[in-house]
Amino acid sequence: MDITISNSLLTASFKRKGAELISLKNTEATEYMWEGNPEFWGKHSPVLFPIVGTLKQNIYRFNDQEYTMGRHGFARDLDFEIASQSESSITFALKASDATRTVYPFDFELQITYTLAGNQLEIRYDVANTGSSALPFSIGAHPAFALPGNFEDYSLQFSEQAPDAYYLLQDDLLSDVTAPVHTTAATLLLNYSLFENDALVFRKNQVTSIAILHQSKERIRVHCKGFPFLGIWTKNQAPFLCIEPWYGVSDTVNSNQDLFEKEGITILQAKENFTAKFAIEIV
C-alpha cells in the first residue's frame, strides 16, 4: 500500500520498498514524478546506498576480502520501517541485518525523512554508525521528473554560472574525459544526444540548485547545495529527466577497489552520525 503525506499545496506518496518517492502532485493533480514505466525505466526515485553508481567489476575489497555489490547498492531493494509519520512528514528507517552484512559487513542505521514545507518537498538523509569500527558509505538521490510532450521543449537552468564541463562515464565507471557544457545565460537546452554516453556527472560541488524549464518557464527546481557530485540522466526517447544529488560517485576507471579509498566515500567513526538534505521545489 502506498503511503501519502500532504499539505495545502502538495501531496507526496511513497513505497516502503526502498523508501521510494513515487508521486508528487500539486493541488491541480499535476504529477511531477516519472510514472515508472518499465519500457524505459521501472523506478521513480530510488535511494542510492551504501554506494552510488557502479563498482569496478561490481567488486570492492575490505580486510583482504572481496565483496560483490550491484549498481547503486541495496537500500533501494529493501523494505524500510516507518519510524514516524505526521500529516506532512514521514521518516523511514533501515538497519543493518544479517542479509546486508553478507555484502556489506558494517553496522548502520539509515533514516530518510520527507517533509512537505510550502511548495517544497525536503529530503533528509541521516546515517548513523551503530558499530564499533569505521563505516564507509556513499548516499545519493535519483529522482526522475516527468517531462510530458516534446523533450526538446525543456531546458536546464543553473542558479549560478554553469560548470564548464562534465565528466563522461566509460562502461559505467567515471573517466577523466570531459565534455563541454554548452549553455546560454546558464541555460542548457535538452536533447537526447547529450546522454549518448549515459549520465552527465559534475564533480567538486559545482551546482547549488538547478531548474527544469518548459518552454522557458520554470517547472521544478532542485536545491542541492553542499552535495559534492551531481548526475543528470535520461534514456533515449524517455519522457523523464533525473537530477541526482550525490555524496559519492561510481568507481573511477583506475580504481584499486579498496572501499576506504573510493572517490567520494564518506567515513564515519564509531557512533558518529552524518546528515545531508536537499529539496524539490514545485514552481
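Okay, so the sequence shown: first residue is 1 according to full-length UniProt numbering, each after it adds one.
Idealized CB from N, CA, C, for every residue including glycine.
Remember, it's a predicted structure, so these values are computed and weren't measured experimentally.
The stretch 170-185 and the stretch 211-225 do not touch, with fewer than 3 CB-CB distances between them shorter than 8 angstroms.
Spanning the alpha carbons of Leu21 and Ala12 requires a straight line of approximately 7 angstroms. In this structure, the alpha-carbon of Trp233 lies about 35 angstroms from that of Ala270. Rounded to whole angstroms, the separation of the alpha carbons of Phe145 and Tyr60 is 32 angstroms. In the DSSP assignment, Glu87 is bridged to no other residue.
Residues Met69, His72, Gly73, Ser138 and Gly248 of the same chain have their beta carbon placed closer than 7 angstroms to that of Ile51, with the five preceding and five following residues left out of the count. DSSP, read as helix, strand or coil, puts Gln57 in helix.
If you draw a 10 Å sphere on the C-beta of Ile82, you find fewer than 16 other C-beta atoms in it, and that means exposed. Per the coordinates, the alpha-carbon of His182 lies some 9 angstroms from the alpha-carbon of Pro163. Residue pairing from DSSP places Pro136 in a beta bridge opposite Ile267. According to the DSSP secondary-structure assignment, Ile220 is paired through a beta bridge with Ile212 and Ile282.
If you look at Ala165, you'll find it in the beta strand (DSSP E) that goes Ala165 to Gln170. Here the stretch 222-238 lies against the stretch 192-210, with 3 or more beta-carbon pairs under 8 angstroms apart.
Distance from the CA atom of Pro239 to the CA atom of Ile280, rounded to whole angstroms, is 19 angstroms. When DSSP states are grouped into helix, strand and coil, Ser23 belongs to the strand group. By the neighbour-count criterion, in which 16 or more other beta carbons inside 10 Å mark a residue as buried, Arg76 falls on the buried side. A straight-line Cα-Cα distance of about 13 angstroms links Ala99 and Phe108. In the DSSP assignment, Ala128 falls within the unbroken beta strand (DSSP E) covering Gln120 to Asn129. Counting along the chain, Thr234 sits inside no beta strand (DSSP E), nor does DSSP assign it H or E at all.
Under a 10 Å Cβ-count criterion, Tyr192 is classified as exposed, with fewer than 16 other Cβ atoms of the shown protein chains found around its own Cβ. For Asp98, the uninterrupted alpha helix (DSSP H) segment begins and ends at Asp98 to Arg101.
Distances from the alpha-carbon of Ala141 to those of Phe49, Asn150 and Leu259 put Phe49 closest. Put simply, the stretch 119-128 touches the stretch 1-16. At least three CB pairs are less than 8 angstroms apart. Ser193 carries a helical assignment under DSSP once its states are collapsed to helix, strand and coil. Excluding the 5 residues flanking it on each side, Pro228 has same chain C-beta neighbours closer than 8 angstroms at Arg203, Lys204, Asn205, Trp246, Tyr247 and Gly264, in chain order. Only buried fits Pro46, as 16 or more other CB atoms lie within 10 angstroms of its CB. In this structure Thr91 touches Thr113 by the C-beta definition: roughly 4 angstroms separates them, less than 8 angstroms. Residue pairing of Asn273 in beta bridges, as defined by DSSP: Ala128.
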